[in-house]
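Report on the structure given below.
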Amino acid sequence: MMASVDDYIRAQPKEALERLERLRQTIKKAAPDAEELMSYGMPAFKLGRILVYYSAWKTHAGLYFASATVLDVFRKELSSYETTKGTIRFPIDKPLPIGLITKIVKYRVKENLAVKNKESAG
2 MMASVDDYIR AQPKEALERL ERLRQTIKKA APDAEELMSY GMPAFKLGRI LVYYSAWKTH
62 AGLYFASATV LDVFRKELSS YETTKGTIRF PIDKPLPIGL ITKIVKYRVK ENLAVKNKES
122 AG
């Protein structure tokens, strides 16, 4: 198991390093108050609860989330990407959609804050 996000990124194949770092910086910028950590063996960002996990593979970069609504809300913008229930795969041969990733992360921040506010009111 990796000790830190930096260790995880350094351990990846050279071709994945740049994509991972771009994902990492994009998520940090979209959620500056989020805590960075390793969870389930992957880098993640947490704000109260997990916002997103991310990783890079041989053929794609992955963005993972525990949200039932992300795919519905962003369905049109995600139509050219492979998706499953809690995953978006960005092919390695295409540029990362930084604007879309930013919107998804900001949406997840709003979701997490809404849950947090509901819990503290409740």
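Each residue of the sequence shown is one higher than the one before, starting from 2 at the first, in this note's numbering.
For glycine and all other residues, C-beta sits at the position ideal for the given N, C-alpha and C.
Pair within 8 Å by beta-carbon distance, residue i and residue j
i	j	result
H61	R90	yes
Y108	V71	yes
G87	A67	yes
Y82	Y65	no
Alpha carbon of residue i to alpha carbon of residue j, nearest angstrom
i	j	result
A17	V74	28 Å
R11	S80	32 Å
A45	P33	13 Å
Minimum C-alpha distance to residue i - residue among the options
i	options	result
G100	S5, I28 and V6	I28
W58	L97, L114, S5 and I93	I93
T103	A45, Q26 and S81	Q26
M39	V106, E19, A115 and S5	S5
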